[in-house]
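The listed protein sequences derive, respectively, from chains A and B. When we follow my numbering, the leftmost residue of the first sequence carries the number 1, and every step to the right adds one. When we follow my numbering, the leftmost residue of the second sequence carries the number 168, and every step to the right adds one. Cβ coordinates follow ideal geometry from the N, Cα and C atoms, glycine included. Just so we're clear, the structure is a prediction, and the values are computed from it rather than from any experiment.
Number of protein chains: 2
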Amino acid sequence: MSDRRSAIMDVAERLIRAHGYNGFSFREIADEIGIKSASVHYHFPTKADLAAAVAKRYRERFVDALGTAEAQGAGKIEAWRGLFQNALNQDGLMCLCGILAAEGNSLPAEVAKEAHAFLKFGVESLDEAAPGRGLAILSQLEGAMLIARSAADESVFQDATKELSAL
Amino acid sequence: MSDRRSAIMDVAERLIRAHGYNGFSFREIADEIGIKSASVHYHFPTKADLAAAVAKRYRERFVDALGTAEAQGAGKIEAWRGLFQNALNQDGLMCLCGILAAEGNSLPAEVAKEAHAFLKFGVESLDEAAPGRGLAILSQLEGAMLIARSAADESVFQDATKELSAL
DNA sequence: GTCTATAATTTGATAGAC
DNA sequence: GTCTATCAAATTATAGAC
């Protein structure tokens, strides 16, 4: 993948996680990189194409990051918690697929599909650590991100999920 | 409050809960009611005014609905859970302030403030039923709504929150 | 209170030159 | 691959008639 293409995805990912699918534009991305919006369309014909590609990459990267955290000795739940905590602390960003899921049926089908695939993976992943509780744990993690962003207080996510450390 | 004003708020609330703040327009509301968008501006000068008013009313109504459920014998946690479950089942709608919180810092300050006030109320309310666990429980409820919408399966919210019944 | 009309801006997207 | 130029549509919002 070209540098330019991945640079576009980087900016798109950050903007979606900050404002949602309906809260970013091709021009915003182009301006930030220093190109024209027509050039963004060369790499991604439509907005749905771009968002779906970003969501797919987000899931793949998340899988890798989980693997790294686990290889370093973290439990699965702590790995998930740590990745979300870092995103919030560093840039105040939601889980990409959490905010996409919240925007619900206003999304193009291909984007909704990728968001759903991530959440399905999340449930299965957390079920490995806590059989039958993956869905409940992912719910708590996603909801905690959402509330933490509203509070704009770094300790909120930690407080909201601290009981998960015991699992 | 006039009928027209509340009718506008009704449509706005449904649209925000379905698509988010950045996913609805004055024209959409006007078309649905059968008036012109300029008339919507008569009642609410700006989009931020409208969304903030809707969020304030949402919280007031939620307080009332909780009181009703509790008067009918429901525990506080079951009351919250039931209200969210009903919204999902009937119209596939998110918690208004959950989706607003997810959209984060792209919102006008007055709208973000109302969303935050609702979530703060939620934590305090749930803390009464489970001291020290209100934030964790609200997180789980909000996250479960978000995941349930992505799954488009009515049983997901129930599964994701079933353990809360025991509290 | 609602309308017509319109302004000013933004948006997603395309055609075609280079 | 990126640009200029442009389009058609949508958006928030206002002025002023009725």
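Euclidean distance between Cα positions of residue i and residue j
{"i": "K280/B", "j": "A222/B", "result": "9 angstroms"}
{"i": "A71/A", "j": "A130/A", "result": "19 angstroms"}
{"i": "A53/A", "j": "T46/A", "result": "11 angstroms"}
{"i": "E3/A", "j": "G122/A", "result": "Looking at the sequence shown, residue 3/A is not Glu but Asp. Roughly 29 angstroms separates the two Cα atoms."}
{"i": "A311/B", "j": "G240/B", "result": "24 angstroms"}
{"i": "Q325/B", "j": "I33/A", "result": "44 angstroms"}
{"i": "A315/B", "j": "G98/A", "result": "11 angstroms"}
{"i": "L255/B", "j": "E78/A", "result": "30 angstroms"}
{"i": "L267/B", "j": "E128/A", "result": "32 angstroms"}
{"i": "H19/A", "j": "A232/B", "result": "30 angstroms"}
{"i": "F251/B", "j": "A327/B", "result": "12 angstroms"}
{"i": "K329/B", "j": "L293/B", "result": "16 angstroms"}
{"i": "G340/B", "j": "D49/A", "result": "In this structure chain B extends from 168 to 334, so residue 340/B is not present and cannot be described."}
{"i": "R5/A", "j": "R14/A", "result": "15 angstroms"}
{"i": "V323/B", "j": "K120/A", "result": "12 angstroms"}
{"i": "Y42/A", "j": "L263/B", "result": "37 angstroms"}
{"i": "G75/A", "j": "V207/B", "result": "53 angstroms"}
Residue i classed as buried or exposed, judged by whether at least 16 other C-beta atoms fall within 10 angstroms
{"i": "L334/B", "result": "exposed"}
{"i": "N22/A", "result": "buried"}
{"i": "Y225/B", "result": "buried"}
{"i": "K203/B", "result": "exposed"}
{"i": "R61/A", "result": "exposed"}
{"i": "A102/A", "result": "buried"}
{"i": "Q90/A", "result": "exposed"}
{"i": "S25/A", "result": "exposed"}
{"i": "E309/B", "result": "buried"}
{"i": "G134/A", "result": "buried"}
{"i": "A282/B", "result": "buried"}
{"i": "A276/B", "result": "exposed"}
Identity of the residue in the options nearest residue i by Cα
{"i": "A205/B", "options": "G240/B, I175/B and A236/B", "result": "I175/B"}
{"i": "A284/B", "options": "V230/B, G240/B, R248/B and Q325/B", "result": "V230/B"}
{"i": "R194/B", "options": "A297/B, S173/B and A179/B", "result": "A179/B"}
{"i": "N105/A", "options": "L313/B, A197/B, H210/B and D177/B", "result": "L313/B"}
{"i": "R248/B", "options": "Q257/B, Q307/B and R184/B", "result": "Q307/B"}
{"i": "G183/B", "options": "A218/B, V207/B, H210/B and Y209/B", "result": "Going by the sequence as given, residue 183/B is Ile instead of Gly. Per the Cα distances, A218/B."}
{"i": "A318/B", "options": "M261/B, G299/B and D198/B", "result": "M261/B"}
Three-state secondary structure assigned by DSSP to residue i
{"i": "I35/A", "result": "coil"}
{"i": "M261/B", "result": "coil"}
{"i": "A144/A", "result": "helix"}
{"i": "L331/B", "result": "helix"}
{"i": "L274/B", "result": "coil"}
{"i": "R165/B", "result": "A query on residue 165/B cannot be resolved here, the shown segment of chain B reaching from 168 to 334 and no further."}
{"i": "F84/A", "result": "helix"}
{"i": "D320/B", "result": "coil"}
{"i": "Q325/B", "result": "helix"}
{"i": "R300/B", "result": "coil"}
{"i": "G73/A", "result": "coil"}
{"i": "F44/A", "result": "coil"}
N- and C-terminal bounds of the alpha helix (DSSP H) containing residue i
{"i": "Y21/A", "result": "Taken as a continuous stretch (DSSP letters only), Y21/A belongs to no alpha helix (DSSP H), as it is neither H nor E."}
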